[in-house]
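Peer 1: If you're matching positions, the sequence shown starts at 396 in my numbering and goes up one per residue. Virtual Cβ for every residue (Gly too), placed ideally from N, Cα, C.
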Amino acid sequence: MPDEDVAVLILLGVVLLGVITLQGNISRADRRVARVEHRFDLVLEHLELREEVPGRDESVALVREGKTIRVVKAYRDATGASLAEAKEAVDRLG
Numbered sequence: 396m397p398d399e400d401v402a403v404l405i406l407l408g409v410v411l412l413g414v415i416t417l418q419g420n421i422s423r424a425d426r427r428v429a430r431v432e433h434r435f436d437l438v439l440e441h442l443e444l445r446e447e448v449p450g451r452d453e454s455v456a457l458v459r460e461g462k463t464i465r466v467v468k469a470y471r472d473a474t475g476a477s478l479a480e481a482k483e484a485v486d487r488l489g
């Protein structure tokens, strides 16, 4: 019995280390993607290009009326963006 307990504890330790390592790799990848997206935004700005926003004219009007949450939801539905990405895109409209 004690040998089985030790084996289970070792296995749990290995799994835990694997999860921690994987989480660290994902965090680094997320930061790298964020940096690339920021650089891409700078390039778009430099070239005076705008990101295509579905229903842009209507969305701008709704933002000016203070209905930002509605526009963020519509943007997320149309693009599949995360809440943060949608909020940033809508903030750029105003």
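(1) So for R445, helix, strand or coil by DSSP?
(2) Nearest to V458 by CA position, among R423, L488, V403, is which residue?
(3) So, using beta-carbon positions, are V485 and T463 closer together than 7 Å?
(4) Restricting to Cα atoms, I'd like to know which of E440, H433, A469 is closest to G450.
(5) Secondary structure at E399, three-state DSSP: helix, strand or coil?
Peer 2: Answer, in terms of the structure:
(1) For R445, the secondary structure class from DSSP, reduced to helix, strand or coil, is coil.
(2) The residue among R423, L488, V403 with its C-alpha nearest the C-alpha of V458 is L488.
(3) Note that the C-beta distance between V485 and T463 is below 7 Å.
(4) Of the candidates E440, H433, A469, the one whose C-alpha sits nearest the C-alpha of G450 is A469.
(5) Three-state result, E399: helix.
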